[in-house]
Structure formats: C-alpha cells, structure tokens
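All letters in the sequence shown, in the order written, are residues 8 to 213 by the numbering used here.
Don't be surprised by glycine CBs; every beta carbon is placed ideally from N, CA and C.
Scroll down for the structure; my scribbles are underneath it.
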Amino acid sequence: MKLNDRGLLIVISGPSGVGKGTVRKALFAREKHNLEYSVSMTTRKPREGEVDGIDYYFVNRDEFQQRINDGKLLEYAEFVGNYYGTPIDYVENRLVAGKEVVLEIEVQGAMQVREKMPDAVFIFIVPPSKRALRDRITKRATESEEIINQRMEKAEREFNMAHKYDYIVVNDTVENAADRIMAIIRAEHAKTERSIHRYMQMLEVE
Ligand code: 5GP
Numbered sequence: 008m009k010l011n012d013r014g015l016l017i018v019i020s021g022p023s024g025v026g027k028g029t030v031r032k033a034l035f036a037r038e039k040h041n042l043e044y045s046v047s048m049t050t051r052k053p054r055e056g057e058v059d060g061i062d063y064y065f066v067n068r069d070e071f072q073q074r075i076n077d078g079k080l081l082e083y084a085e086f087v088g089n090y091y092g093t094p095i096d097y098v099e100n101r102l103v104a105g106k107e108v109v110l111e112i113e114v115q116g117a118m119q120v121r122e123k124m125p126d127a128v129f130i131f132i133v134p135p136s137k138r139a140l141r142d143r144i145t146k147r148a149t150e151s152e153e154i155i156n157q158r159m160e161k162a163e164r165e166f167n168m169a170h171k172y173d174y175i176v177v178n179d180t181v182e183n184a185a186d187r188i189m190a191i192i193r194a195e196h197a198k199t200e201r202s203i204h205r206y207m208q209m210l211e212v213e
C-alpha cells in the first residue's frame, strides 16, 4: 500500500438522543463498506444490554485519568458527569491500515480532533424537529427525569455547534441518514486534494 493511502477519519456528532448510534449501526450493517468503529472509553455505567469492549470500554475514573496522563486518548470530554474518550492507538493503527475510522463523539471532543487531525471529516446529525428529539430522549426512559432534562439542555446547546462541522445530516429516517453519510464519504474520497496523488501516479506509469 502506498504511503498516502491512509484511511479517512469520520467524526459523527449530534445532540444527545438524535439517533447517532442507530445511524452508525445502520452504516455498519451495510454490505459493502470499509468502515471500522472506534470503541470509546467511558466512566459511565453500562446501560442494559451494553457490552464491555463492544459498546464502550467501561472503566473507573482512576483508570480513565491514567489514560489521560499517559497520553493514550486522542480526545476526551466530560459529558453529564462522566468521562468519554477515544483510545488513540486503535485509531492510528486502523488509519495506517487504510481503513475508514468512525468516531461517534460529542462536540467538545470533536473539536479536539479537529485541532489534531484537521483532514478528518466532521458530520453533524440533526433531528427533523426539536419535538422529535424530546420524544426520543424521553422514550429512551432508561434514565431519571433529572438526567433526561440535563440531556435535553445539553442537546439544545449542542445544536448551536452545527456550524463547526463540514456536513449536516438530517436523521428523518435511519436509512436516509445512512445513505447521506455514505454519499459524503464517497464525495470526500473524490476530493482533489485526497485523490490527485493517485491520478498523478497513474500518469507516471502510462
Ligand atoms: P451516551 O452516554 O449516551 O452513550 O453518550 C453520551 C455522549 O457521549 C454522546 O453524545 C456520545 O456521542 C458521546 N461520546 C461517546 N464516546 C465518546 C468519546 O470517546 N469522546 C467524546 N468526546 N464523546 C463521546
């Protein structure tokens, strides 16, 4: 593989409850893709059905702090009382192997990635309406009223960060949103600055 054939880093954010996780799973369920999901680390307790190492790496605060101190996280943020972060080694290894790496992270973390890896692609998922978002957050109902309100407040603040992203994707239906993300990835690959080296190499060979 040529040196320049590093994979694309795709950062997906959006207000809590917008359905990022569902859209991401729909992307990964598609037949043909070259995507790899970066499993985050968190100090949040597992929700019912969540599996360590698949949904998150669940750790305590001391362990998380140790990763921060050791420089093992590409980014991290505190979100509604818990830490969340992206293990850097996995992301680097997969990008070097030419894979498209998907991060599903909140806004503060995404902005840290923007600083460190400016050629990543930043996608912000929005709900079709604010009402739809509240319904989603309430229906999840695995959390107390207080947490639901905190998440709704946080979501409203996060809405205002959409302008910091390269693309906005409306999650009207999960499949539509996944189609839009696939189209973005395809278009990003065709961008001149990402593809011209291959074209130039082809000219040299002829
Ligand atoms: P939840 O508790 O609902 O699983 O996640 C809460 C928020 O943390 C979501 O917006 C989710 O995208 C975000 N998140 C998950 N993993 C990471 C991570 O590694 N870094 C950052 N900055 N945010 C994350």
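Option nearest residue i by Cα separation, candidates the options
i      : options                           : result
LEU110 : TYR63, ILE155, GLU70 and ASP69    : TYR63
GLN157 : LEU210, ASN89, ASP96 and ARG205   : ASN89
THR180 : GLU160, PRO134, THR199 and GLU200 : PRO134
ASP96  : LYS79, GLU107, VAL108 and TYR83   : LYS79
GLY60  : GLU152, GLU200 and PRO94          : PRO94
LYS32  : VAL212, ILE188, ARG193 and THR199 : ILE188
VAL30  : GLU200, ASN167 and GLU182         : GLU182
LYS52  : TYR91, GLU152 and TYR83           : TYR91
Short Cβ contact (7 Å threshold) for residue i with residue j
i      : j      : result
ASP186 : VAL128 : no
SER45  : VAL98  : yes
PHE131 : SER20  : yes
ALA169 : VAL176 : no
VAL103 : VAL18  : no
GLY24  : LEU140 : yes
Distance, residue j Cα to residue i Cα
i      : j      : result
LEU42  : LEU81  : 19 Å
GLU112 : PRO125 : The identity of residue 112 in the sequence shown is Ile, whereas the question assumes Glu. Taking the straight line from one Cα to the other gives about 16 Å.
VAL114 : HIS204 : 32 Å
ASN76  : ARG68  : 12 Å
ALA36  : GLY105 : 20 Å
LYS123 : ARG13  : 16 Å
ALA117 : GLY56  : 26 Å
GLY28  : ASN178 : 11 Å
ILE144 : MET159 : 7 Å
ALA190 : GLU165 : 24 Å
VAL7   : MET207 : As displayed, the chain neither begins before 8 nor continues past 213, which places residue 7 out of reach and without an answer.
ALA71  : LEU210 : Just to set this straight, residue 71 is Phe in the shown sequence, not Ala. In a straight line, the C-alpha of PHE71 is about 49 Å away from that of LEU210.
LYS137 : LYS146 : 14 Å
GLU38  : GLU200 : 28 Å
LYS171 : ALA162 : 15 Å
VAL212 : GLU85  : 51 Å
SER151 : PRO22  : 18 Å
Proximal residues to residue i (C-beta, below 7 Å), its chain only, five neighbours per side dropped
i      : result
VAL217 : Beyond the ends of the chain as shown, which are 8 and 213, falls residue 217; an answer cannot be given.
LEU10  : The predicted model places LEU10 with a pLDDT of 46, which falls under 50 and marks its position as unreliable, so this point remains unresolved.
MET8   : Reliability of the predicted coordinates at MET8 is poor, the pLDDT of 45 falling under 50, and no value is obtained from them.
Sequence-distant residues of the same chain with beta carbon closer than 8 Å to residue i, five excluded per side
i      : result
HIS196 : LEU15 and SER202
ILE154 : VAL87
LEU6   : This structure gives no information on residue 6, because the portion of the chain shown stretches from 8 to 213.
Chain-order list of residues whose beta-carbon lies under 6 Å from that of residue i (same chain, five-residue window excluded)
i      : result
ARG101 : GLU43 and VAL108
ARG74  : LEU80
Closer than 6 Å: residue i CB and nearest ligand 2 heavy atom
i      : result
GLU113 : No copy of ligand 2 occurs in the structure displayed; its ligands are ligand 1 alone.
Test: residue i CB closer than 7 Å to a CB of chain C
i     : result
PRO94 : Note that chain C does not occur in the displayed structure, where there is just one protein chain.
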